[in-house]
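Here it is, written out as structure tokens:
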């Protein structure tokens, strides 16, 4: 597994082709021979579960993960319970889509107490583990880059995600490693090794200077500074052999025809991942 | 030291009033009773060392630090040597300004090998320690937020800076803790405690959502999500009792009259730090 990445593992995270509906994205994967797709819940809601399941079955495209559960911290118990219920719906959806992984973006703090918010994340995940187990769904804790600590997730390093996995002692919980979020981390190599056996996903994109937008600032593989090939080898050495998702929020890519994006994505994947 | 921060420790990092010359900034501190200033080298070069030293002496304003040395990684040994020589000039300037601290912004990687770049940082600091000792200057390693790992510094956590301090075993080397860069870190509390005895500076500003610009995205204390008061208490509990610098790159603040900014800075410092 040390050479070129295999196209059989390539997955389109559908936010990479944000202007496509889910139906268009499934067709696009089929047309461009991308065997996997990662589905976002708002796109799923637009298309409908039944239509999606049928379309996937007819196309042969497999679902690498559902994006996303999480968003656990909130200032009241009532609101935190609502979030937990929503995560249960996400688990049901993941099961219906026949994927095994629900990606968790754990959520920001409602106030200045980030330590408390992290406890709420811990409690929130704990609350949904039995439901995930019943439905055969694994919960992938995705650490987000520290620049999203205030508005998207208080889980910001792989080390932190690993600690949660260790805390639960449950096969239902693992980590999702996204290169854009973790590439900078001086502890990364050892944290990938620590994650052995619990890696549920590997996402790729690139970090190009300057980052012109906090959310839509990601770039196509090869356009930035991340050693994606090296990171893939580390992740594989730690035992992960599953799908590799390309997840890129980038306005310029969104403005291009989806088929062009998928072709470019395949080329860059082979060259840089 | 658990109540309000003391104004006697307040320092204007002069980038907070970027539109002021160094001469204007010293006058501004005197007029607004801000007892300390942190000086940037390009502003010092514009004004002149002799003029600056005389002006500081006449005003009674003390220099909390010189910004900045560092920028060690480069792809050739020749270029790395040039950077080291430039750091020696910075050490000389710090000594002439009668400050004891040179802040190190360690620099980005010239390529995709961030691990190698980190070794060059380690070597670069090691090379200037004897010179710093001769001149009575301490080297403050300032970890920068991971969102600057690609373009400003490959030292991105306080834990990493602490490891360097431990490696050198030299009283000449310590850390500078900037709230904006480290607030998100799940290891922060213990890393501040680990830094006991080697904390050379404490910088404050705030993280307001959304961050509209990667460089100029900082906000005035109280406008964002950082628990500055809690962090000051942690830093003090770890033994630091020196100046507290307000360092804010923010276009809106730069566009306001400097005296207004200094008055606001004093109010917010008393309320939130």
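Protein chains in written order, with the UniProt record's numbering: chain U, 1 to 273; chain C, 1 to 273. For each residue, glycine too, the CB sits at the ideal point set by N, CA and C.
Does residue i get closer than 9 Å to chain C when you measure Cβ to Cβ?
{"i": "residue 256 of chain U", "result": "no"}
{"i": "residue 214 of chain U", "result": "yes"}
{"i": "residue 107 of chain U", "result": "no"}
{"i": "residue 224 of chain U", "result": "yes"}
{"i": "residue 112 of chain U", "result": "yes"}
{"i": "residue 124 of chain U", "result": "no"}
{"i": "residue 227 of chain U", "result": "yes"}
{"i": "residue 230 of chain U", "result": "yes"}
{"i": "residue 11 of chain U", "result": "no"}
Could you give the distance in angstroms between the alpha-carbon of residue i and the alpha-carbon of residue j?
{"i": "residue 151 of chain U", "j": "residue 128 of chain C", "result": "40 Å"}
{"i": "residue 107 of chain U", "j": "residue 264 of chain C", "result": "32 Å"}
{"i": "residue 194 of chain U", "j": "residue 182 of chain U", "result": "14 Å"}
{"i": "residue 203 of chain U", "j": "residue 110 of chain C", "result": "24 Å"}
{"i": "residue 266 of chain U", "j": "residue 234 of chain U", "result": "21 Å"}
{"i": "residue 126 of chain U", "j": "residue 168 of chain U", "result": "7 Å"}
{"i": "residue 224 of chain C", "j": "residue 249 of chain U", "result": "25 Å"}
{"i": "residue 114 of chain C", "j": "residue 228 of chain U", "result": "12 Å"}
{"i": "residue 148 of chain U", "j": "residue 50 of chain C", "result": "45 Å"}
{"i": "residue 43 of chain U", "j": "residue 85 of chain C", "result": "56 Å"}
{"i": "residue 220 of chain C", "j": "residue 59 of chain C", "result": "26 Å"}
{"i": "residue 57 of chain U", "j": "residue 26 of chain U", "result": "10 Å"}
{"i": "residue 71 of chain U", "j": "residue 82 of chain U", "result": "10 Å"}
{"i": "residue 23 of chain U", "j": "residue 213 of chain U", "result": "28 Å"}
{"i": "residue 209 of chain U", "j": "residue 146 of chain C", "result": "13 Å"}
{"i": "residue 140 of chain U", "j": "residue 247 of chain U", "result": "15 Å"}
{"i": "residue 171 of chain U", "j": "residue 45 of chain U", "result": "29 Å"}
{"i": "residue 98 of chain C", "j": "residue 197 of chain C", "result": "21 Å"}
{"i": "residue 244 of chain U", "j": "residue 8 of chain U", "result": "9 Å"}
{"i": "residue 1 of chain U", "j": "residue 184 of chain U", "result": "Unreliable placement is indicated for residue 1 of chain U, whose pLDDT of 43 sits below 50; the coordinate value is still reported in the next sentence. Each residue's Cα considered, the two are about 24 Å apart."}
Using a Cβ cut-off of 9 Å, pull out every chain C residue sitting near residue i, in sequence order please.
{"i": "residue 120 of chain U", "result": "Near residue 120 of chain U there are no residues of chain C at all, since even the closest Cβ is about 14 Å away, more than 9 Å."}
Would you please state the rounded distance, in angstroms, between the beta carbons of residue i and residue j? I believe it to be under 8 Å.
{"i": "residue 17 of chain U", "j": "residue 239 of chain U", "result": "About 30 Å; that fails the 8 Å criterion."}
{"i": "residue 188 of chain C", "j": "residue 175 of chain C", "result": "Not confirmed; about 12 Å, so no contact."}
{"i": "residue 91 of chain U", "j": "residue 137 of chain U", "result": "5 Å"}
{"i": "residue 66 of chain C", "j": "residue 89 of chain C", "result": "So it is not a contact: roughly 11 Å between Cβ atoms."}
{"i": "residue 121 of chain U", "j": "residue 155 of chain U", "result": "6 Å"}
{"i": "residue 192 of chain U", "j": "residue 177 of chain U", "result": "7 Å"}
{"i": "residue 186 of chain C", "j": "residue 161 of chain C", "result": "That belief does not hold up - the Cβ atoms of residue 186 of chain C and residue 161 of chain C are roughly 16 Å apart, past 8 Å."}
At a CB-CB cut-off below 8 Å, which residues of chain U make contact with residue i?
{"i": "residue 151 of chain C", "result": "209 and 210"}
In the DSSP assignment, what are the bridge partners of residue i?
{"i": "residue 224 of chain U", "result": "Its beta-bridge partners do not exist; DSSP assigns none."}
{"i": "residue 207 of chain U", "result": "U/218"}
{"i": "residue 36 of chain U", "result": "U/11 and U/62"}
{"i": "residue 244 of chain U", "result": "U/10 and U/202"}
{"i": "residue 178 of chain C", "result": "C/203"}
{"i": "residue 67 of chain C", "result": "C/40 and C/103"}
{"i": "residue 250 of chain U", "result": "U/217"}
{"i": "residue 139 of chain C", "result": "C/102 and C/173"}
{"i": "residue 153 of chain C", "result": "C/107"}
Identify the contact partners of residue i in chain U, using a Cβ-Cβ distance below 7 Å as the criterion.
{"i": "residue 73 of chain C", "result": "Near residue 73 of chain C there are no residues of chain U at all, since even the closest Cβ is about 12 Å away, more than 7 Å."}
Can you pull the chain C neighbours of residue i, defined as C-beta to C-beta under 8 Å?
{"i": "residue 146 of chain U", "result": "145, 146, 147, 184 and 185"}
Under a CB-based cut-off of 9 Å, is residue i close to chain U?
{"i": "residue 250 of chain C", "result": "no"}
{"i": "residue 4 of chain C", "result": "no"}
{"i": "residue 70 of chain C", "result": "no"}
{"i": "residue 273 of chain C", "result": "no"}
{"i": "residue 154 of chain C", "result": "yes"}
{"i": "residue 1 of chain C", "result": "Because residue 1 of chain C carries a pLDDT of 43, less than 50, the predicted location of this residue cannot be relied on, and no value is offered for it."}
{"i": "residue 268 of chain C", "result": "no"}
Cβ of residue i less than 9 Å from any chain D Cβ?
{"i": "residue 160 of chain U", "result": "Looking at the structure shown, chain D is missing, and the protein chains on hand are U and C."}
For residue i, return the contacting residues in chain C, with the cut-off set at a CB-CB distance below 7 Å.
{"i": "residue 157 of chain U", "result": "186"}
Following a CB-centred definition, is residue i positioned closer than 8 Å to any heavy atom of the ligand ADP?
{"i": "residue 21 of chain U", "result": "Only the bare structure without any ligand can be found here, which leaves the ligand ADP out of the picture."}
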